[in-house]
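Below is one structure, written out as structure tokens; the observations come after it.
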Amino acid sequence: MATASACHILVKSKAEAEQLKERLDKGEDFHKLAKKHSLCPSGKRGGDLGEFRKGEMVSAFDRAAFKGPLLAVQGPVKTQFGFHLIKVLYRS
Numbered sequence: 018m019a020t021a022s023a024c025h026i027l028v029k030s031k032a033e034a035e036q037l038k039e040r041l042d043k044g045e046d047f048h049k050l051a052k053k054h055s056l057c058p059s060g061k062r063g064g065d066l067g068e069f070r071k072g073e074m075v076s077a078f079d080r081a082a083f084k085g086p087l088l089a090v091q092g093p094v095k096t097q098f099g100f101h102l103i104k105v106l107y108r109s
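Throughout the sequence shown, residue numbering follows my numbering, covering 18 to 109 in sequence.
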């Protein structure tokens, strides 16, 4: 079964996600922004979700984690939880 490890930042609005993505594109630290802005409990760990299997996350997140580029910030990705910025660390 395929696995991946990712970090994410979860926010309520697409506009907030886009603003954070611009900051990331300018070189700000992903983990620091996650700690400050993410609504997910993983924010306390810099957005680190650890390792997970394909199918364990909601479908839109799963697609980004298993089909998107590695180490690049993807998003905003909309799910029922809000808008995610996702950085996939590795896949196997």
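Beta carbons are placed, not taken as given, at the ideal position from N, Cα and C, and that holds for glycine.
As the structure is a computational prediction, the values presented were derived from the model and not from experiment.
Those residues which DSSP pairs with residue i across a bridge
i, result
"Leu27", "His101"
"Glu68", "Ser22"
"Gln91", "Ile103"
"Arg108", "Ala21"
Cutoff 8 Å; reference residue i; Cβ partners in own chain excluding five residues on either side
i, result
"Ala19", "Arg70, Lys71, Phe83, Arg108 and Ser109"
"Leu41", "Phe47, Leu50, Val90 and Leu102"
"Glu68", "Thr20, Ala21 and Ser22"
"Lys104", "Ala23, Cys24, His25, Phe47, Gly64, Leu88, Ala89, Val90 and Gln91"
Pair within 8 Å by beta-carbon distance, residue i and residue j
i, j, result
"Phe78", "Val94", "yes"
Residue from the options with nearest C-alpha to residue i
i, options, result
"Phe98", "Met74, Leu87 and Leu37", "Met74"
"Leu88", "Glu39, Phe47 and Thr96", "Phe47"
"Thr96", "Leu106, Lys104, Val105 and Ala81", "Ala81"
"Gly60", "Lys38, Cys24 and Val105", "Cys24"
Pairwise C-alpha distance: residue j and residue i
i, j, result
"Ala21", "Leu66", "10 Å"
"Ile26", "Pro86", "17 Å"
"Lys53", "Ser76", "26 Å"
"Glu45", "Leu106", "17 Å"
Cβ-based neighbour list, residue i, same chain, cut-off 6 Å, excluding 5 preceding and 5 following
i, result
"Phe100", "Val28, Lys31, Ala34 and Pro93"
"Arg62", "none"
"Ser55", "Ile26, Leu27 and Gly64"
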